[in-house]
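Per numbering that gives the first Met the number 0, the sequence shown starts with residue 0, numbered consecutively.
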Amino acid sequence: MARGIKTMRTRLKKIIKTSKKKKATAVKSSKTPKSSSVKSPVKRIKASPRKKAPSKTVKKPSSRKARVKKVSAKRASPTRKISVKKVAAGTSKKTIVRKKKTEAEKAKIKVLAKKKLKKIRANKPDFLEDRKYNEFLLSVVGEEGIEVAENVSLEEISDVELAEGMDLKANIIRKYLYALYETGVVTYRRHRSKTGWYTYYWKLHPERIDMALNEIAGKDINYYERELRQERENQFFTCKNREECGRVIFDHALETEFRCNKCEKKLEFTDNSNIIEGLEKELARLK
């Protein structure tokens, strides 16, 4: 019996040892990396990844509504182009072809213009005899411009008629008329013919000359009053090069220690009583 028990113990020990060995080998096999034969193809794929072939998109059969829309769009495309052309043609500006005037027509216009101007000159307006008005027009347009002003003073007349009747270029006539228009003594009216040509008719209003003169006089009075105030309230100093360097007031002379800021020469007091007297006379004349 004792022997039997010993043998049983030895067998159990062997079984336990073998089971322990099997467990140890199983644990080692799980921890150790996979064999090279299994791993090599995976490594190759990672090292040099192959380009993916473009996936072919399989078109799904479109619905009936989508097919109808596509067909309608295809049909509508040519009609849209045509409609755009039609709109473009409709909105385009009409090119008006103007016929050139013949020499006979030009001569006729010239004769009629001269007759009209002759009639106007026969009834010379009274306001041009006034020296004040004459001086005003001379200052604005000069001697040649006074004749233009005279021709538009009684009735409306176009700049084309003035140019033909006075034997002057139309742009010269317009230059004088615009100068008078800026002062407010001349107005114009624009007329459009059937051919789309614009004609400008001009008229001078003598009663507006007084308003223009008063406006100019008011500006001049303000200017002279300001200058007179400055001359009375300040003392002026000049150097020998008065024309080049100009005058300076006392405060500026004191800052530079009575030396000219430009030529550095000595500044001396100048009497401005003559300037004050001249400004006072000019103000009295304007008022």
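Backbone N, C-alpha and C define an ideal beta-carbon position, used for all residues, glycine too.
Element boundaries [alpha helix (DSSP H), containing residue i]
{"i": "Thr-182", "result": "169-182"}
{"i": "Phe-249", "result": "249-254"}
{"i": "Leu-127", "result": "Per DSSP, Leu-127 belongs to no alpha helix (DSSP H) and is neither H nor E."}
{"i": "Gly-164", "result": "158-165"}
{"i": "Glu-242", "result": "241-244"}
As assigned by DSSP and simplified to three states, the class of residue i
{"i": "Leu-285", "result": "helix"}
{"i": "Ile-14", "result": "helix"}
{"i": "Lys-202", "result": "strand"}
{"i": "Lys-354", "result": "There is simply no residue 354 to check, as the chain begins at 0 and stops at 286 in what is shown."}
{"i": "Arg-225", "result": "helix"}
{"i": "Arg-231", "result": "helix"}
Exposure of residue i, with buried meaning 16 or more beta-carbon neighbours within 10 Å
{"i": "Ala-112", "result": "buried"}
{"i": "Asn-170", "result": "exposed"}
{"i": "Phe-268", "result": "exposed"}
{"i": "Cys-259", "result": "buried"}
{"i": "Leu-176", "result": "buried"}
{"i": "Glu-160", "result": "buried"}
{"i": "Tyr-223", "result": "buried"}
{"i": "Leu-253", "result": "exposed"}
{"i": "Glu-163", "result": "buried"}
{"i": "Ala-283", "result": "exposed"}
Residue i - containing beta strand (DSSP E), residue span
{"i": "Val-185", "result": "185-191"}
{"i": "Phe-236", "result": "235-237"}
Distance cut-off 7 Å: residue i Cβ against heavy atoms of the ligand ATP
{"i": "Trp-201", "result": "Inclusion of the ligand ATP in the displayed structure is not the case, the ligand content being empty and no account of it being possible."}
Any 3 or more C-beta pairs closer than 8 Å across the segment 175-185 and the segment 136-146: yes
Answer yes if the segment 237-248 comes into contact with the segment 210-228, meaning at least three C-beta pairs across the two stretches below 8 Å, and no otherwise. no
Is the segment 221-235 touching the segment 187-194 in the sense that three or more CB pairs, one from each, lie closer than 8 Å? no
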